[in-house]
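2 protein chains.
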Amino acid sequence: MRTRKVNMIISLVTIMGGMALVVACGQRNATTVIEGDAAEQVYIAPGEYDEFYAFLSGGFSGQITVYGLPSGRLLREVPVFSQYPENGYGYSEESKPMFNTSYGFVPWDDSHHIELSQQNGEFDGRWLFVNGNNTPRIARVDLSTFETVEILEIPDVAGLHCAPFITENSEYLVSGTRFSIPIPQKDVPIDTYKENFKGLINYVSLDQDHGTMELAFQIEMPGFNYDLARNGKAVSHGWSFLTTYNSEQAHSLLEVNASQKDKDLMAIINWKKAEEYVAAGKFTERPTSYYHNLMDESTGIAHSQEMKMTRILKPEDCPEMVYFIPVPKSPHGCDVDPSGEYIVGNGKLSADMSVYSFSKIMKAIEEKNFDGEIEGIPVINYDAGLHGILQKPGLGPLHTEFDERGNAYTTFFISSEVVKWNVDNLEILDREATFYSPGHLVIPGGETRKPEGKYLVAMNKITKDRYLPTGPELAHSAQLFDISGDKMKLLLDFPTKGEPHYAQAIRADKVKPNSKKFYNIEENAHPYATLGESKTKVVREGDEVHVYMTAMRSHLAPDNIEGFKVGDKVFFHVTNLEQDWDVPHGFAIQGATNAELLVMPGQTKTLLWEPKKVGVYAFYCTDFCSALHQEMSGYARVSAKGADVPLKWGLNETLRENQEQAEKFYEQLENKSK
Amino acid sequence: MRTRKVNMIISLVTIMGGMALVVACGQRNATTVIEGDAAEQVYIAPGEYDEFYAFLSGGFSGQITVYGLPSGRLLREVPVFSQYPENGYGYSEESKPMFNTSYGFVPWDDSHHIELSQQNGEFDGRWLFVNGNNTPRIARVDLSTFETVEILEIPDVAGLHCAPFITENSEYLVSGTRFSIPIPQKDVPIDTYKENFKGLINYVSLDQDHGTMELAFQIEMPGFNYDLARNGKAVSHGWSFLTTYNSEQAHSLLEVNASQKDKDLMAIINWKKAEEYVAAGKFTERPTSYYHNLMDESTGIAHSQEMKMTRILKPEDCPEMVYFIPVPKSPHGCDVDPSGEYIVGNGKLSADMSVYSFSKIMKAIEEKNFDGEIEGIPVINYDAGLHGILQKPGLGPLHTEFDERGNAYTTFFISSEVVKWNVDNLEILDREATFYSPGHLVIPGGETRKPEGKYLVAMNKITKDRYLPTGPELAHSAQLFDISGDKMKLLLDFPTKGEPHYAQAIRADKVKPNSKKFYNIEENAHPYATLGESKTKVVREGDEVHVYMTAMRSHLAPDNIEGFKVGDKVFFHVTNLEQDWDVPHGFAIQGATNAELLVMPGQTKTLLWEPKKVGVYAFYCTDFCSALHQEMSGYARVSAKGADVPLKWGLNETLRENQEQAEKFYEQLENKSK
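Listed in order, the protein sequences are those of chains H and A.
Residue numbering for the first sequence follows our numbering, beginning at 1 and increasing consecutively.
Residue numbering for the second sequence follows our numbering, beginning at 675 and increasing consecutively.
Set out below in structure tokens:
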């Protein structure tokens, strides 16, 4: 019964689209001839380095991952939108505010698109931006520390899939709503979609020195689904291009109802013009609520600020700011070539691919060559803006990147392949099978003005038999191709973490020299930092107890503490006194209902412990830091709520009741050692 | 100032130990000559499979990771003791009970030692066990699904580092307390350690058919730190061996105070004898509290049970059950060779290594060749039990594994190397540098009766310059050696996830054939499973609303729901109707304060959503499942608490108010398609 119904729906869709839309890739024979030197090409000998960093979004992990290319080795997972027990991110007191939103503490998101900061259309290696799709947010990662240092919520949008696309001098991050909603939110029937639901395209400005984000303005748009975007570069600088699907404005069974029209739309925004309108005060201020969470890099503490106002630009008030142009059938990717002249609008249900010309679009605008308008937005004549059609390239085109030799590379989800074609003459040059069903692809700099067309990574959506099986849940898979020659050459399959959607890759020498090795303890401005063992202490403030603790190979100080009471809120502020590369210390205490702290050299981090039962509880360093790491432990004594046990703390078997005694102890210790 | 104090303490330790105990490895020159075919040896061509699964503990990540060998590719991270936003483990209603402990919900732990199930001293590929160090627990992972299916808390211990070592027919998992504590817990001064603090050695029995764990008995021991263990095999079957450090019984500054004695101890347990005492009722029942969390594999729901009693065996009541033998200076690893005859007791602060003979130990016991006793436990004469001394093997010996050719391989943390030696004649055969400071090492089957001495992986504790840098926080690093020849050969560096301590590796063909591809939906016994779209419904029970939802390419049903109220507790029970390999669906709704669900084919999982504001909220599938994945979304309407909006739900634009209407709709839909 069930199967028949499902088949019926699938057949509806199949008829409509004229092609099989369900995953048709699965059972292709996996044997591939690999030419002889692939092993040598991807092998990075012990002690040598990869040539590129690849930053992959984590998809439903909410994080990002850092891979080396060509080895395909996972160098690090950087927590961004999701709690990360591995290092305490989202559990430590310093990092918890990063998860504040207008909905409360949201410890997960779905990260899709990586954007590296650019200057003059080239990666500058300073910051990385990534979107949170579910509860709309954009995060910034500092590439000197590989830490998430900022998260900005975007108000009044739903599904921030179309984000955070950067302009070529890092002026703005552009994003669009994936799902339109009532703006402002209100209790209306869902079938009033066409009257009540709207979209927003958002411009977040970036501080050029510090990278900090600010919601500059939002443009109110028809209630479509804005899916992906790119900004212009060089000749098209100052413009943004965003694909839509569901211009049908369906609100249910979108697989059928949002696939009715032969063409959807690309939105074309003149953001320089929008800036002028903002400067001229042509915006509406609308009350709203969204959170801006920023890590103070001198203390390592994140602070949240609720923002309560947003500036809305309406196309009807702002002529020559927004246009549409038709794009064949449910476009997904929207990619601009290195010259800025060509824009690829991939209709994923289309049998061919439309490539637009920026100069022709400009000419059509100038000549008002429009086919009517939608909610006051002119629709540019399709043919007038077209560079040409790439005929029968494959099935289910999704995304395109470029090399520096005038070629484009497009992934085809349904026919499971990457196709190389010439942007200028629209000639197909090569095609290689992928295993299976690629989503995005990445070429280092492949969306910038300076691609490095040496490698291409296809990020596949279906894995099945590519690796040793791991039960029903499999890693997603990436495939590395050598694209330096005329023909693409498959080199390597490597499994990935989470569900990588997009990635960007950058030559290692643009990031490596700036990579911080440890935090300078002299610059540690954390209010509970303890800059030396003699400064360690335990301070009670009502039911709150603050432990000023230090970590140094191979002991925690103090390592014996008495006087905690059931019902206390104990804050362990652990400062790692090391000033050497790769000597983290960890901290955990039995029964704590959060995660460990992993404290980098020079940092202070705080774990909250709420003891519930009397007894003596062990704590220890969780990072194997020296030959005597196993000895790096201590005890905390918990007495009953009303007990008469004073606070005492110490190291080396003697407990002290006040700071004066403690400092004397350290003085004696020092004198003895002279 | 600070530096001088620290130096003083370090110098104390240095004098004591007669060697540099701080990490001395860091700045070794990393250039290594790699012989020509290393690239070919580790390269797994696209479509081909690795030869071995390696299961690495995650250390402070609390999880385990699965790598392929020889490629060093991360095939999957399996969440065990820590919340895992990536697939909703620890956030979904089904999995939350896995984190229940006597301390409450504990969402993190520190996992150290992997043990694969064995029969006749060989891996059987059925289950994997791993310990939680901080809040003492042992977990079981089912190797047909790679899912954590059981977590058992161990009561009255602190730091379950020494765990969960398996006996050769999977009769028991043996573990010991790392930190001694008052038993039962009580409020006593820490400096009453010697009077009040005790250790426990724990035996968890395994159901031979289902793998389920039960705490069989605990042996009360002197208040030392029990660090690592192995069980006897073949000739030594029925015995366990556990190293101790801190036989000094220090409770502060252990790096100095627990490194005073020239020899610590190995505990030797006759567990067959212990079984006899249990059968004879020679135990004390002691009230306690610990949690047993078990996943029902037919529903996918974990259930918790609080256990309230434990059986204690005391050595003074149970003669011939427990012995000690001295081991030079702060032993760490404790490893038994494939024959079961030799036991390596690695004193990490000792300049040589003591190798014991099981038959000599038995003889010494028989002849009562004891040097006194400790708390009623006979101490076997050191020389009487000794097979011999491995002279000057390196600095900081930690762990030893074996090949099938009579060789042992030991890691040296301080001198950063792996040393190969002959177990029988104690001759050193080879040494290879590691980069840097290896902890454990693993050879496939290298602790069983059937090692496969082809590869060795050293798990290094210090990474520094081995990969492209990633800020202050670096991945830990593993190194793969070819050990099939006379000399070891370094093949590959690969970064690892978390902080792997121990690992076990198994030939792929022992696991791969049993790997489940999806869950049979006919066997789905989840009480909220929805076995077909016509069964979807939304049911209100007071403030609780249950959504019986299905997922199928490419829609969720229902996909429009109205009638939720602010203050409701909405349970989305999502059943993935797919019955094909590698077609998970995900589920997320904007503003939810937990993580997504990732639902494998045939499974049902539940997300709790507590809407706080009126409006219309989007939900969608988080796994890119088909070419129309972007269309797999829907809306939930939330009205004010007292609003008069009835519950309605539907698919394809029409909402229904009751199940009868809904079923009619599906019937019509089906008739139309005939």
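Virtual Cβ for every residue (Gly too), placed ideally from N, Cα, C.
Where residue i falls: helix, strand or coil (DSSP)
i       : result
A/N805  : strand
H/A433  : strand
A/G1120 : coil
A/P1187 : helix
H/E499  : coil
H/V106  : coil
H/R466  : helix
A/G1059 : helix
A/F1032 : helix
H/A39   : helix
A/H1114 : strand
H/Q668  : helix
Buried or exposed (CB count within 10 angstroms, at least 16 for buried), residue i
i       : result
H/D493  : buried
A/C699  : Confidence in A/C699 is poor, its pLDDT being 35 and thus under 50, which makes the residue's placement too unreliable to answer from.
H/E401  : buried
H/M309  : exposed
H/E320  : exposed
H/A525  : exposed
H/D156  : buried
H/K233  : buried
A/V697  : In this predicted model, A/V697 has a pLDDT of only 35, less than 50, meaning its place in the structure is not dependable; the value taken from the coordinates is given anyway. That one is buried.
A/E760  : buried
H/D486  : exposed
H/K420  : buried
H/S61   : buried
A/K1190 : buried
H/N576  : buried
From the options, residue whose alpha carbon lies closest to that of residue i
i       : options                            : result
A/A941  : A/R1227, A/G799, A/P989            : A/P989
H/E630  : A/T1144, A/M1223, A/K937, A/L902   : According to the sequence provided, residue 630 of chain H is Gln. The question's Glu does not apply to it. Considering only alpha carbons, the answer is A/L902.
A/K1270 : A/S1013, A/L749, A/E767, A/L1302   : Checking the displayed sequence, the identity of residue 1270 of chain A turns out to be Glu instead of Lys. Among A/S1013, A/L749, A/E767, A/L1302, the Cα nearest to that of A/E1270 belongs to A/E767.
A/E959  : A/I986, A/E760, A/V1290, A/M772    : A/I986
A/E1215 : A/G1237, A/T1204, A/N920           : A/G1237
H/A274  : H/D317, H/F99, H/M549              : H/D317
H/A636  : A/E796, A/D1256, A/I855, A/V1116   : A/I855
H/V66   : H/L651, H/T463, H/D509, H/Q504     : H/Q504
A/Y1222 : A/H1229, A/S1228, A/N1234, A/K1209 : A/K1209
A/L1115 : A/T1085, A/L1103, A/T1137, A/L790  : A/T1085
H/F624  : H/S259, H/S252, H/V599             : H/V599
Whole-angstrom distance between residue j and residue i, CA atom to CA atom
i       : j       : result
A/Y758  : A/S1033 : 47 Å
A/K679  : H/N671  : With a pLDDT of 40 at A/K679, under the threshold of 50, the predicted position of this residue should be treated as unreliable, though the coordinate-derived value follows. Between A/K679 and H/N671, the C-alpha separation is close to 9 Å.
A/V862  : A/L939  : 27 Å
A/G732  : A/E1147 : 16 Å
A/G1120 : A/I1180 : 10 Å
H/H210  : H/S639  : 48 Å
A/V1018 : A/I738  : 26 Å
A/T705  : A/G1145 : Since pLDDT at A/T705 reaches only 41, below the 50 mark, its modelled position is unreliable, and the value read off the structure follows with that caveat. Going from the Cα of A/T705 to the Cα of A/G1145 covers about 22 Å.
A/S769  : A/L1230 : 22 Å
H/F129  : A/P1169 : 24 Å
A/I812  : H/V327  : 56 Å
- Item | Whole runs of the beta strand (DSSP E) within the stretch 288-328 of chain H, excluding any shorter than 3 residues | Entirely contained in the stretch 288-328 of chain H, the beta strand (DSSP E) runs reaching 3 residues are, in chain order, 301-313, 322-328.
- Task: Can you check the stretch 128-194 of chain H for any beta strand (DSSP E) of at least 3 residues that lies completely inside it and give the ranges in chain order?
- Result: If we require 3 residues or more, the beta strand (DSSP E) runs fully inside the stretch 128-194 of chain H come out as 137-142, 147-153, 162-166, 172-176.
- Query: Unbroken beta strand (DSSP E) runs of length 3 or more, entirely within the stretch 44-106 of chain H: which are they?
  - Reply: The stretch 44-106 of chain H contains these whole beta strand (DSSP E) runs: 52-57, 64-69, 73-78.
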